[in-house]
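For reference, the structure discussed in these notes is given below.
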Amino acid sequence: MTTPADHTATHEPDVVEFFTDPEFVRDPYGAWARVREQGPVVKGRFVDGSTIWFITRHEEVRSVLNDPRFANNSTSVPGVEENERVAIMRHFGIPEEYIPYIADSILDSDGADHTRLRKLVSRAFTVRRVNELRPRVEEITDRLLDELPDTAENGVVDLIEHFTYPLPITVISEMVGVPEEDRPLWRKWSHGLISMEPEAMGNAMRDMVDHINQMIEQRRSAPSDDLIDAMIQVQDEDGTKLSDVELATMILTLVIAGHETTAHLLGNGTVALLTHPDQLELLREDESRLPAAVHELMRWCGPVLATRPRFATEDVMVGETLIRQGERVQAMLVAANHDPRYFDSPERLDITRRPVTRGEQHVGFSHGAHYCLGAALARQEGEVAFGKLFRRYPELSLAVPEDELEWEQSPGMRRLARLPVRL
6 MTTPADHTAT HEPDVVEFFT DPEFVRDPYG AWARVREQGP VVKGRFVDGS TIWFITRHEE
66 VRSVLNDPRF ANNSTSVPGV EENERVAIMR HFGIPEEYIP YIADSILDSD GADHTRLRKL
126 VSRAFTVRRV NELRPRVEEI TDRLLDELPD TAENGVVDLI EHFTYPLPIT VISEMVGVPE
186 EDRPLWRKWS HGLISMEPEA MGNAMRDMVD HINQMIEQRR SAPSDDLIDA MIQVQDEDGT
246 KLSDVELATM ILTLVIAGHE TTAHLLGNGT VALLTHPDQL ELLREDESRL PAAVHELMRW
306 CGPVLATRPR FATEDVMVGE TLIRQGERVQ AMLVAANHDP RYFDSPERLD ITRRPVTRGE
366 QHVGFSHGAH YCLGAALARQ EGEVAFGKLF RRYPELSLAV PEDELEWEQS PGMRRLARLP
426 VRL
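What follows is the structure in structure tokens.
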């Protein structure tokens, strides 16, 4: 395990450089374990050089995520008139006319506005509706697994390219109404949008929004039985509908969030099981363990390492640290999910692990009002995918040593660029 990168003399030694220190990409679990031992609230540096407070321990992370005094939108802070996300988008080169499609999303809403937006789409992600989708998820999974041998090059298959990515993008695209021929574009756009490279982000945002607006216009002239059409028609009890920007933003958010997290949960989880044969054997012995296994994989190697930054709407004490009104905090899910104060032997992968409290023990899908809307769908896709993958290909193995796997250079996501396997 390598030591954290040295900071120059001009940097405070206790300030965590999460956004620039490559150690947080190379070994996020070890890096955040060291930070977590500094305390539950640790000072860091944001992308623009300003201060941010990282919340690192399970109890404090759940508390912050459940506390309405921490807002996702900076305009919820008294005296702040412009959403800070706007400035960040400008910093990354997003064209001005496309900024509202990010800055005004459900992810950046608070209170009654967030409740309104979530209510308008939540019916598509209820447990009942997700259960109704299961036969289709199984059908897509079987087809992709049937096709895997034909994708091999010299006996090696890239499981990200041909399985873990196509499964969730197909499921969410069919739900929303994205045409099959357009789905490869969404992968390109979503990678550009989260690349933190200004040109790629700007191009992706422009192309994506233009494409979504074209789809909306097509549905208005020729309605279809999908989520886009439902969102065009749906209105709240007081007659409120989604605005044009809200509608486009909701489609963007649902498609990206609906496939990126699941794709990399499947990729990360496959590596975890292949490198922990005792756990894989437990799963093969009894597939009723699949639901618990998906939860444990989301805790142990979930792809989302942190929430979006939130803002204190008043002075708030977190642990023994005073967070001043207007200051940013960021809940580090990766640190909380490996907190030894909450989990027994947290670094051990254990698919038979029992919840230590009622409800979910991990925060891999976040917590509180912004708990992942698509969590039930992601869990179902995980159960189907892992069950069928290891049943269909019992000799599945990594085609390269684990330490040669290529990870994307993203501080906020743990995701593989490729997953070469032999069937």
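So for the sequence shown, our numbering puts the first residue at 6; every next one is plus one.
Virtual Cβ for every residue (Gly too), placed ideally from N, Cα, C.
All figures in this text were calculated on a predicted structure; none of them were measured in a lab.
Residue i versus the options, residue with shortest Cα-Cα distance
i: Lys297; options: Leu428, Val389, Pro416; result: According to the sequence as given, residue 297 is Ala; it is not Lys. Answer by Cα proximity: Val389.
i: Ser178; options: Ala262, Val161, Thr318, Pro105; result: Ala262
i: Arg74; options: Glu352, Arg384, Arg315; result: Arg315
i: Arg353; options: His281, Asn208, Met201; result: His281
i: Met201; options: Gln414, Arg31, Leu424; result: Gln414
i: Arg346; options: Met236, Arg41, Asp320; result: Arg41
i: Ile107; options: Arg211, Met337, Val239; result: Arg211
i: Trp58; options: Met337, Asp355, Leu424; result: Met337
i: Arg139; options: Asn159, Val176, Arg148; result: Val176
i: Tyr170; options: Val250, Arg188, Glu158; result: Arg188
i: Leu252; options: Thr266, Asp234, Thr267; result: Asp234
Residue i versus residue j - alpha carbon distance
i: Gln54; j: Gln335; result: The sequence given here places Gly at residue 54; Gln does not occur at that position. Going from the Cα of Gly54 to the Cα of Gln335 covers about 15 Å.
i: Thr13; j: Glu64; result: Bear in mind that the predicted position of Thr13 carries a pLDDT of just 31, short of 50, making it unreliable; the figure below should be weighed with that in mind. Looking at the two C-alpha atoms, the distance is approximately 33 Å.
i: Pro83; j: Gln330; result: 9 Å
i: Ile174; j: Ile60; result: 32 Å
i: Gly49; j: Thr120; result: 31 Å
i: Thr357; j: Gln223; result: 48 Å
i: Thr8; j: Ser195; result: With a pLDDT of 30 at Thr8, under the threshold of 50, the modelled position of this residue cannot be trusted, and the question is left open.
i: Met180; j: Thr131; result: 13 Å
i: Glu292; j: Leu150; result: 18 Å
i: Ala36; j: Asp113; result: 28 Å
i: Asp118; j: Asp109; result: 10 Å
i: His300; j: His264; result: 17 Å
i: Tyr398; j: Asp408; result: 23 Å
i: Val85; j: Ala92; result: 13 Å
i: His260; j: Gly207; result: The question names His, but residue 260 is Val in the sequence shown. The alpha-carbon atoms of Val260 and Gly207 are separated by roughly 18 Å.
i: Trp412; j: Ala129; result: 33 Å
i: Met220; j: Arg192; result: 17 Å
i: Pro33; j: Met236; result: 38 Å
i: Cys377; j: Ser127; result: 11 Å
i: Gln284; j: Leu247; result: 46 Å
i: Ala311; j: Val21; result: 14 Å
i: Gly417; j: Val309; result: 6 Å
i: Pro406; j: Asp163; result: 14 Å
i: Phe97; j: Ala205; result: 9 Å
i: Phe51; j: Ala38; result: 20 Å
i: Leu295; j: Pro154; result: 25 Å
i: Val239; j: Phe23; result: 41 Å
i: Phe168; j: Val30; result: 24 Å
i: Arg141; j: Glu386; result: 10 Å
i: Pro184; j: Ser350; result: 45 Å
i: Thr25; j: His367; result: 27 Å
i: Arg419; j: Arg313; result: 15 Å
i: Ala317; j: Met94; result: 21 Å
i: Asp115; j: Met255; result: 15 Å
i: Glu290; j: Glu400; result: 15 Å
i: Leu279; j: Asp355; result: 14 Å
Cβ-Cβ separation, residue j to residue i (assumed contact under 8 Å), whole Å
i: Leu172; j: Ile145; result: 6 Å
i: Val426; j: Leu410; result: Actually they do not touch by this definition, with Cβ atoms about 11 Å apart.
i: Leu421; j: Ile165; result: 6 Å
i: Glu332; j: Thr56; result: 7 Å
i: Gly182; j: Leu232; result: 6 Å
i: Val276; j: Leu125; result: Going by Cβ atoms, the distance from Val276 to Leu125 rounds to 37 Å, so no, they are not a contact pair.
i: Ile111; j: Thr258; result: 6 Å
Residue i Cβ short of 8 Å to the ligand NAD heavy atom set
i: Met255; result: Questions concerning the ligand NAD fall outside what the structure shown contains, since it holds no ligand whatsoever.
Opposing strand residues paired with residue i [DSSP bridges]
i: Ser402; result: Arg427
i: Ala76; result: Phe316
i: Gly49; result: Val21, Ile57
i: Trp412; result: Leu421
i: Arg333; result: Ile57, Phe316
i: Met322; result: Leu327
i: Glu158; result: Val161
i: Val309; result: Met418
*Pair every Cβ in the stretch 270-282 with every Cβ in the stretch 389-405, then say whether three or more of these pairs are closer than 8 Å.*
yes
*Should the stretch 74-84 be called in touch with the stretch 220-228, which here means at least 3 C-beta pairs below 8 Å?*
No: fewer than three Cβ pairs fall under 8 Å.
*Contact between the stretch 56-71 and the stretch 366-381: three or more CB pairs below 8 Å?*
yes
*Taking one C-beta from the stretch 340-354 and one from the stretch 297-311 each time, how about it: are there three or more such pairs within less than 8 Å?*
yes
*asked:* Across the stretch 207-215 and the stretch 95-106, are there enough close Cβ pairs to call them in contact, namely three or more that are closer than 8 Å?
replied: With contact defined as three or more Cβ pairs closer than 8 Å, the stretch 207-215 and the stretch 95-106 are in contact.
*Would you check if the stretch 321-330 and the stretch 35-46 touch, i.e. whether three or more CB-CB distances between them fall below 8 Å?*
yes
*Would you check if the stretch 132-139 and the stretch 376-384 touch, i.e. whether three or more CB-CB distances between them fall below 8 Å?*
yes
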